[in-house]
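Residue numbers (the UniProt record's numbering): 1 to 251. We put the beta carbon where it would ideally sit given N, CA and C, even for glycine. Read through the structure below, which is laid out as structure tokens, and then see the notes.
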């Protein structure tokens, strides 16, 4: 299961904690770091059991799960930039008057109205979650869709791909298997996204690559490695320094 699938399949409680748990490990929802159970992890002069260590990882590496979630693109949160700013102020414990003064908008009653609108969104979200959970129990014909990656630049019909479609696309373009070369780069965007997602799996999510290292891996996949590199950036799979000296998977 990809990092995006782990993230989007997480429960509400798991999202709030910032990690998932299975029989053998804890997995950070934000970066994919895996902490194996039954191992003692040292940090400095302190030893931590696995559950405490994954919590420490979330806190030290990502700071705040709240900040990470509100920082996601609005296509995933449904929040405007204005609402995101308000939520950050509320989370910081500021009063309506303090928020109003800091944002220089309206009055305290204006801020209260914004709180009301956000509560309405919460009620709508809860209702929608309940509807979709009930639907899962009855809709036996629903296809399994591949979850979009968290930094998708625009979620539209290009990301409407079922797991069955994904398998067919991968078989068509990776004729020697996923560990082999790419036969050709597909012309359609939907197919490109599937291919790029598979290419990302060839990289270490925790590593930072030089351009030479990046090119070396991509050359083994396809002769036009510059094209692959450009699209990995363009579609939000990778990020890089402005001077191109370092590349890494966006988390």
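Beta-bridge partners of residue 35 (DSSP): 26.
With distances taken between CA atoms, residue 66 lies nearest to 16 out of 173, 16, 119 and 188. Between residue 174 and residue 120, the alpha-carbon positions lie close to 47 Å from each other. Per the DSSP secondary-structure output, residue 145 pairs in a beta bridge with 162.
Apart from sequence neighbours up to five positions away, the residues of its chain that approach residue 178 with a beta-carbon distance below 7 Å are 170 and 198, ordered along the chain. Counting of Cβ neighbours within 10 angstroms places residue 127 among the exposed residues, the total staying below 16. Taking a contact as a CB-CB distance under 8 Å, the pair residue 246 and residue 208 counts as one, their CB atoms being some 5 Å apart. Minimum Cα-Cα distance from residue 110 among the listed residues 123, 96 and 118 corresponds to 96.
Rounded to the nearest whole angstrom, the C-alpha separation of residue 149 and residue 115 is 30 Å.
Here the alpha carbon of residue 218 sits roughly 45 Å from the alpha carbon of residue 118. Counting the other CB atoms within 10 Å of its CB gives residue 60 a total below 16, which places it among the exposed residues.
Taking each of 196, 14, 23 and 229 in turn and checking the Cα distance to residue 212, the smallest one comes out for 229. For residue 96, the uninterrupted alpha helix (DSSP H) run begins and ends at 96-103, by DSSP. In the structure shown, residue 72 adopts coil according to DSSP, grouped into three states.
Excluding the 5 residues flanking it on each side, residue 70 has same chain C-beta neighbours closer than 6 Å at 84 and 87, in chain order.
According to the DSSP assignment, residue 12 belongs to no beta strand (DSSP E) but to the alpha helix (DSSP H) extending over 12-17. The three-state secondary structure of residue 20, taken from DSSP, is strand.
Of the other Cβ atoms in all chains shown, fewer than 16 fall within 10 Å of the Cβ of residue 123; this residue is therefore exposed. Under the three-state reduction of DSSP, residue 173 is assigned to helix.
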